[in-house]
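Scroll down for the structure; my scribbles are underneath it.
Residue numbers (my numbering), protein chains in the order written: chain S, 1 to 395; chain D, 1 to 395.
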């Protein structure tokens with residue numbers, strides 16, 4: 001038993017009984033059902049036992065992406081699936097538009113540059129979401145843009161874009177629309193087929209409630225057609241390889257089998273709740289969280305906020321990095337900090353995936369106790385009270 | 001509990017009490033200690049709790065690769081790490097040598113072609129390992145070869161190459177040596193630093209006894225220097241990104257955290273046994289397996305066999321695919337079949353990773369019972385007897 005008990009030994013100050021909470025916008029807490037599913041003995045990925053599991057997962061993913069299109073699974077981080085959406089759609093010299101309003105929008109541009117493309121960058125002020133008119137203007141100015149790369153929820157700021165309206169303006173052009181929905185998926189409504197989105201990218205460690213290691217790309221017929229002509233090089237991330245294998249209910253390379261067991265269990269939970277209810281739950285919890293934050297007199301950083309996460313400005317006199325450390329080391333609550341220009345200025349908290357009323361009250365209680373501990377004046381319980389009132393009034 | 005019990009419901013003929021065995025050369029059976037470690041609650045990968053785990057894993061990997069060089073971890077299949085060894089070392093127009101003696105050697109050439117390179121292919125008859133003289137001759141004929149891509153154990157045939165001798169001939173040239181050690185690592189001795197190998201690639205789901213989803217590339221100073229000049233495009237698989245992050249004990253992208261917990265537990269088991277003992281155990285078990293197969297009058301397919309796996313020719317009158325099906329469906333034992341030209345002609349069985357004496361006797365018992373069931377004449381127990389005698393004589 002030495003091996004296992006060692007693993008549970010805390011690696012910094014604290015003790016074994018100190019209860020820990022993870023409230024970051026990914027990776028998110030994994031439900032015990034999912035962890036337990038992952039404790040199953042391994043099976044071979046090219047066996048009749050694995051096929052029905054993979055099929056069930058693929059159907060579940062289609063439900064989550066709200067599509068009848070194929071949803072490819074890559075054993076990679078979300079960034080791998082993002083890269084796949086660049087290298088499988090484009091060829092050298094192609095024009096692409098990258099909407100950049102935070103760290104993950106930047107990634108679209110960085111991937112394009114890594115492959116020798118010269119992306120047209122649509123800069124959006126951090127905290128705001130891109131407006132459909134901005135994309136429309138960019139497309140009118142550059143009618144030969146082949147693909148628009150945007151983000152459902154920009155996790156670095158919490159801003160949520162109106163993808164439905166964006167899809168409508170992109171539809172008027174020749175471009176395909178690619179949406180990074182990694183942190184937005186399931187927290188924010190997204191209907192791939194109804195809204196006619198060409199590519200949606202997702203990851204396992206967000207509201208899919210599964211450990212990181214699986215990433216997804218759902219692709220329309222137009223996107224598949226482009227992938228047949230695309231000349232940028234690819235091998236591991238090739239859609240053509242993945243699609244050919246998906247037709248036979250398999251993958252071109254050994255998949256993360258155990259993580260797939262976990263995803264199967266998570267998808268069952270999601271389908272049982274129903275996607276409309278999953279969306280509503282996230283919206284309700286995030287609204288309650290914001291109500292609590294506001295009642296404490298704290299500022300929400302995000303201008304175009306949404307249900308994915310709550311970004312809170314560190315109040316005057318409080319250093320955001322020190323605040324995170326108090327939250328984590330004194331109260332056992334791991335939140336996320338700011339990135340780029342807002343490093344040390346904001347903290348980000350999510351009620352994502354397997355989250356309920358009491359994840360909101362836990363997060364707000366931790367916000368209150370940590371700020372108070374740091375000498376910030378507030379009336380303990382003010383935030384929690386406001387959240388509870390919101391939750392009671394909005395069942 | 002519905003969610004979990006459903007997962008354990010057999011998906012084809014059989015019942016819940018039918019005990020299953022996986023004897024494929026990867027994925028391999030995952031020890032309960034590793035599965036249990038993976039049931040730990042998730043933690044954030046950029047937190048002081050994760051850092052010591054990642055550091056311990058990296059030190060453990062250096063031990064396994066027998067190197068002081070950095071060992072990068074990618075959240076991907078082994079093929080992702082193989083691709084990284086092409087795109088980070090080479091530039092358009094570069095000459096590379098791919099040793100192709102099976103499906104995984106072919107992969108080196110396929111990756112190169114996907115990136116527009118024109119690989120020089122050294123064809124080796126399936127079942128044989130490349131001879132150092134063949135590589136020497138190829139390097140003399142093409143002194144401008146920048147990198148030699150070869151395989152420690154070619155899993156599709158079981159052939160094991162003499163990498164130490166190969167490293168000696170490659171050293172005389174300007175080329176760097178890249179070794180796909182995915183299935184060979186820990187089953188076959190490999191000493192990266194002592195033998196002066198530039199790049200060694202590995203994967204979690206082989207003798208590292210962890211579920212698939214993590215792949216590794218250990219890189220020498222020369223390889224790192226080449227990666228700074230390489231002009232082939234890369235983003236997710238960039239060594240420069242991975243190395244910069246590794247210096248700070250982190251990864252550029254969200255890692256497969258849970259699989260890393262498993263790997264930590266597996267590495268502890270490996271270090272406790274000691275790598276020399278791990279190598280000896282694999283050699284001993286594979287020799288016992290071969291002794292049993294031969295005693296049954298069956299033929300070993302591999303000419304240059306090694307301790308990674310045993311490839312058995314389907315005897316006259318027995319179809320290899322049907323044999324696999326009987327093994328799996330009637331006896332609950334999942335073995336691997338032949339690939340390419342030997343599809344339906346061989347089966348492949350490994351005692352890889354968490355394997356002991358009784359994995360040999362189980363595999364041989366299953367071979368005997370399945371062949372007998374299919375009408376092949378043999379004296380039951382002959383193979384097991386020979387294996388036991390070998391094991392007793394070679395403690």
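Quick reminder that beta carbons are idealized off the backbone N, C-alpha and C, glycines included.
{"Query": "Closest to residue 79/D by C-alpha separation, out of 106/D, 92/D and 31/D, would be which residue?", "Result": "106/D"}
{"Query": "How far does the beta strand (DSSP E) with residue 149/D in it extend, from its first residue to its last?", "Result": "145-151"}
{"Query": "What residues match up with residue 180/S in a beta bridge as DSSP calls it?", "Result": "151/S and 201/S"}
{"Query": "Are the Cβ atoms of residue 242/D and residue 72/D separated by less than 8 Å?", "Result": "yes"}
{"Query": "Compute the beta-carbon to beta-carbon distance between residue 300/S and residue 311/S, rounded to the nearest angstrom, for a pair I have assumed lies under 8 Å.", "Result": "7 Å"}
{"Query": "Is the segment 326-343 of chain S touching the segment 262-269 of chain S, taking contact as three or more C-beta pairs under 8 Å?", "Result": "no"}
{"Query": "Taking all protein chains shown into account, decide if residue 358/S is buried (16 or more other Cβ within 10 angstroms of its Cβ) or exposed.", "Result": "exposed"}
{"Query": "Using Cβ-Cβ distances below 8 Å, what residues of the segment 17-45 of chain S are close to chain D?", "Result": "20, 22, 24, 26, 27, 28, 29, 30, 33, 35, 36, 37, 38, 39, 40, 41, 42, 43, 44 and 45"}
{"Query": "Please work out which residues of its chain come closer than 7 Å, Cβ to Cβ, to residue 196/D, disregarding the five sequence neighbours upstream and downstream, and give them in chain order.", "Result": "167 and 171"}
{"Query": "Whose CA, out of 204/D, 302/D, 342/D and 298/D, lies closest to the CA of residue 75/D?", "Result": "204/D"}
{"Query": "For the segment 108-129 of chain D, list every residue whose C-beta sits within 8 Å of some C-beta in chain S, in sequence order.", "Result": "110, 111, 114, 115 and 116"}
{"Query": "Identify every run of the beta strand (DSSP E) within the segment 63-111 of chain D, keeping only runs that are complete inside it and at least 3 residues long; order them along the chain.", "Result": "71-74 and 95-100"}
{"Query": "In chain order, what are the residue ranges of uninterrupted alpha helix (DSSP H) at least 4 long that sit wholly in the segment 202-240 of chain S?", "Result": "221-229"}
{"Query": "Give a yes or no on whether 8 Å exceeds the smallest Cβ distance from residue 346/D to chain S.", "Result": "no"}
{"Query": "Using beta carbons (cut-off 8 Å, strictly below), is residue 70/S in contact with chain D?", "Result": "no"}
{"Query": "Have a look at residue 274/S and residue 384/D and give me their C-alpha separation to the nearest angstrom.", "Result": "54 Å"}
{"Query": "Just to make sure I have the definition right: I need the residues of chain S whose C-beta is within less than 9 Å of the C-beta of residue 104/D. Which are they?", "Result": "The contacting residues do not exist; residue 104/D stays about 12 Å from chain S at best."}
{"Query": "Since residue 234/D meets chain S, which of its residues come closer than 7 Å, beta carbon to beta carbon?", "Result": "114"}
{"Query": "State whether the segment 247-260 of chain D contacts the segment 100-118 of chain D, with contact taken as three or more CB pairs (one from each stretch) at a distance under 8 Å.", "Result": "no"}
{"Query": "Can you pull out the residues from the segment 250-261 of chain D whose beta carbon lies closer than 9 Å to at least one beta carbon of chain S?", "Result": "251, 252, 253, 254, 255, 256, 257, 258, 259 and 261"}
{"Query": "Which residues does DSSP pair with residue 159/D in a beta bridge?", "Result": "154/D and 305/D"}
{"Query": "Where does residue 56/D fall in DSSP's three states?", "Result": "helix"}
{"Query": "Against chain D, which members of the segment 201-213 of chain S pass a CB distance test of less than 8 Å?", "Result": "203, 205, 211, 212 and 213"}
{"Query": "Can you say whether residue 356/D is buried or exposed, counting buried as having 16 or more other CB atoms within 10 angstroms of its CB?", "Result": "exposed"}
{"Query": "For a cutoff of 8 Å on Cβ pairs, would you count residue 83/D as touching chain S?", "Result": "yes"}
{"Query": "To which residues does DSSP link residue 333/D through a beta bridge?", "Result": "21/D"}
{"Query": "Given a limit of 7 Å on CB to CB distance, which residues of the segment 330-355 of chain D reach chain S?", "Result": "334"}
{"Query": "Which stretch, first to last residue, makes up the beta strand (DSSP E) that contains residue 250/S?", "Result": "Premise fails: residue 250/S is in no beta strand (DSSP E) and is neither H nor E."}
{"Query": "In terms of residues, what are the limits of the alpha helix (DSSP H) holding residue 384/D?", "Result": "382-393"}
{"Query": "My understanding is that residue 360/S touches residue 289/S, with C-beta atoms under 8 Å, so please give their C-beta distance in whole angstroms.", "Result": "5 Å"}
{"Query": "Which of the three DSSP states, helix, strand or coil, is assigned to residue 123/S?", "Result": "strand"}
{"Query": "Compile a chain-ordered list of the residues in the segment 216-246 of chain D whose CB is closer than 7 Å to at least one CB of chain S.", "Result": "233, 234, 235 and 236"}
{"Query": "Please identify the residue among 316/D, 229/D and 211/D whose C-alpha is closest to the C-alpha of residue 35/D.", "Result": "211/D"}
{"Query": "Assign residue 46/D to one of three DSSP states: helix, strand, or coil.", "Result": "coil"}
{"Query": "Determine, for residue 78/D, whether the minimum Cβ-Cβ distance to residues of chain S falls below 8 Å.", "Result": "yes"}
{"Query": "Select from 134/D, 152/D and 21/D the residue whose C-alpha is nearest the C-alpha of residue 123/D.", "Result": "134/D"}
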